[in-house]
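If you want the numbering used here, it's the position in the sequence shown, counting the first as 1, plus 21.
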Amino acid sequence: IGRGVMGISVACARCHDHKFDPIPTRDYYALAGIFTSTETMWGTAAHEGLTAPATDLHVLKAAPQVPPPADFVETVLVLESNTGKPKPIPKSKWAAGTPLAMGVRDRDKPADAKINIKGESSKTGDAVPRGFLSACDLPVAIEVDASQSGRRQLAEWITHPAHPLTGRVIVNRVWQQMFGEGIVRTPDDFGVYGERPTHPELLDHLATQFMQDGWSIKRLVRAIALSHTYRLTSAATEKQLEIDQPNRLLARHDRRRLEAEALRDRMLHASGQLDLQPGDGSLVRHRDILVNLAGNLHEPSPKRSVYLCYLRSSPPPELAAFDLPDFTSVLGKRDVSTVPGQALHLFNSPFVVEQAGHFARWVMEETADPPGRARLAWQRAFGRDPSPQEVDDAVEFVLSSESELESPEQAWSSFCQALLIANEFRYVD
């Protein structure tokens with residue numbers, strides 16, 4: 022809520038008044054009381070050990086619908102042998118449990134939170150009435166009903182048109198996604214130590230329009246995308262670089278590298294392997310045995326990266342090389358590094374090599390003409406036609422590679438991999 026929605030860190034006020042921003046300790050516990058008065062219904066198998074009777078009941082109800090697996094004994098032997106990669110169990114062999122979803126509800130007895138002196142739960146002080154940040158005072162007072170947790174009132178306070186932060190923070194995040202840098206270049210910190218907005222009037226205008234449009238992200242994106250500034254080229258003149266090298270005045274578009282997830286999805290799309298259907302849900306729920314034995318939760322998948330399994334200490338290997346963030350905390354702006362390990366990953370990753378192979382087979386099936394294959398590959402990878410010189414260079418590369426490699430397919434696969442790892446493929450101009 023703090024960094025993600027309002028662009029300020031409230032957690033610092035847990036032990037003491039915030040050292041820089043006007044957030045006293047009482048404000049922290051006023052908000053904390055709202056969340057401690059809320060019960061979270063996780064909707065997953067996180068508490069299976071505590072709810073074994075209920076779980077057994079779900080399985081018994083589902084038993085008539087799904088027969089037991091015929092090869093259950095064989096499956097157990099494969100898991101116990103701990104050799105090789107376990108064969109995935111077909112979906113039809115899972116019992117159809119009751120559909121669950123994560124949700125929240127008020128606790129039976131909502132209560133105010135007590136101040137933990139110096140952050141220690143064993144040393145408590147006065148109870149603080151549930152409420153909101155005093156620094157973001159609104160012209161209309163919103164009171165928390167003593168019989169409720171305060172979640173509804175918190176939502177009303179956050180989305181009130183007079184709230185000084187919510188609209189600006191959301192607009193700034195959308196702007197950053199589209200331009201590479203936000204109007205405020207510290208999207209998670211609108212406080213004292215955050216950067217000042219480069220265009221404060223523009224930020225205020227967009228935030229006001231955003232709220233008047235019913236908090237519509239679609240309308241906001243449309244307004245930005247149709248602007249002259251968004252349609253500028255990333256090519257910079259010498260005068261622009263001399264006057265404003267960091268491009269704070271937005272005289273051009275910043276060139277930026279694709280995020281790890283977008284790069285993986287683009288490779289799958291170029292190879293024709295991308296599956297746009299939604300994912301199958303959490304693998305962890307059904308694969309806990311494999312984690313302890315020999316299971317690999319990062320099995321190859323053609324699904325979009327948003328559906329991959331993300332574990333705290335084990336990110337997907339095809340994403341880890343390109344500044345994948347820690348998903349346990351809010352991070353509005355990723356680091357962008359350029360290190361040798363990224364080049365080694367692009368040259369040697371089994372995922373990249375496999376997609377290059379699929380890409381090459383598609384090109385070879387479309388036409389037998391080498392220049393035609395080069396043009397098709399260029400159009401598929403870069404979305405443009407190659408120049409005559411680029412076509413000649415591509416054909417020359419493939420012909421010279423055929424004499425060194427075992428088959429023409431490997432030569433075209435090497436060429437397609439070169440396209441997939443090129444800067445033009447990985448960067449947005």
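Glycine included, each C-beta is placed from N, C-alpha and C at the ideal position.
Here the structure is a predicted model, which is why all the values come from computation and not from measurement.
Within a 10 Å sphere around the beta-carbon of M288 sit 16 or more other beta-carbons, which makes this residue buried.
Look at I136 here: in three-state DSSP terms it is strand.
Assigned with DSSP and collapsed to three states, L332 falls in strand. Approximately 28 Å separates the beta-carbon atoms of A134 and G188; this is outside 8 Å, ruling out the contact. In the three-state reduction of the DSSP assignment, R277 falls in the strand class. The count of Cβ pairs closer than 8 Å, one atom from the stretch 411-423 and one from the stretch 350-361, stays below three, leaving the stretches out of contact. In the three-state reduction of the DSSP assignment, M232 falls in the helix class, which pools H, G and I.
Every unbroken stretch of the alpha helix (DSSP H) spanning 4 or more residues and falling wholly within the stretch 356-391 is given here in chain order: 361-369, 371-387. Membership of T254 in any alpha helix (DSSP H) is not indicated, and neither H nor E is assigned to it by DSSP. The C-alpha of S434 is placed about 10 Å away from the C-alpha of M385. When T57, F200, F348 are compared, the shortest CA-CA separation from D275 is found for F200. Counting C-beta pairs with one atom in each stretch, the stretch 162-176 and the stretch 32-39 have fewer than three that are closer than 8 Å, which means they do not touch. Our two residues, P409 and D234, have alpha carbons roughly 49 Å apart in a direct line. When rounded, the separation of the alpha-carbon atoms in I138 and P150 is 17 Å. Secondary structure note for T207: it is in no beta strand (DSSP E), with a DSSP letter that is neither H nor E. Within the same chain, and ignoring the five residues on either side of P299 in sequence, no residue has its Cβ closer than 6 Å to its Cβ. The residue from H249, V327, Y331 with its alpha-carbon nearest to that of H319 is Y331. Contact check for G152 against I136 fails: the beta carbons are separated by 8 Å or more.
A check of alpha carbon separations from F343 across P208, T46, L284 identifies L284 as the nearest.
Here the alpha carbons of G28 and P407 stand approximately 45 Å from one another. Scanning T46, G353, E177 for the CA closest to the CA of E280 turns up G353. Note that the C-beta distance between P323 and D296 is below 8 Å. In the three-state reduction of the DSSP assignment, R126 falls in the strand class, which pools E and B.
Around the beta-carbon of F348, fewer than 16 other beta-carbon atoms lie within 10 Å, marking it exposed.
Here I191 is not near W178, since their CB atoms are 8 Å or more apart. By alpha-carbon distance to H290, the top candidate from V242, E375, S237, R194 is E375. Distance from the CA of L159 to the CA of P131, rounded to the nearest whole angstrom, comes to 24 Å. Per the coordinates, the alpha-carbon of G203 lies some 22 Å from the alpha-carbon of T258.
Between the alpha carbons of S155 and L52 lies a distance of about 11 Å. Collapsing the DSSP output to three states places A395 in a helix. A residue is called buried once 16 or more other Cβ atoms fall within 10 Å of its Cβ, and G54 is buried on that count. In the three-state DSSP reduction, V161 falls in the coil class, being neither helix nor strand.
Straight through space, the alpha carbons of D286 and Q431 are spaced by roughly 23 Å. Residue pairing by DSSP places V149 opposite A134 in a beta bridge.
The C-beta distance from L340 to E282 rounds to 6 Å, short enough to fall under 8 Å.
A straight-line Cα-Cα distance of about 25 Å links F41 and K144.
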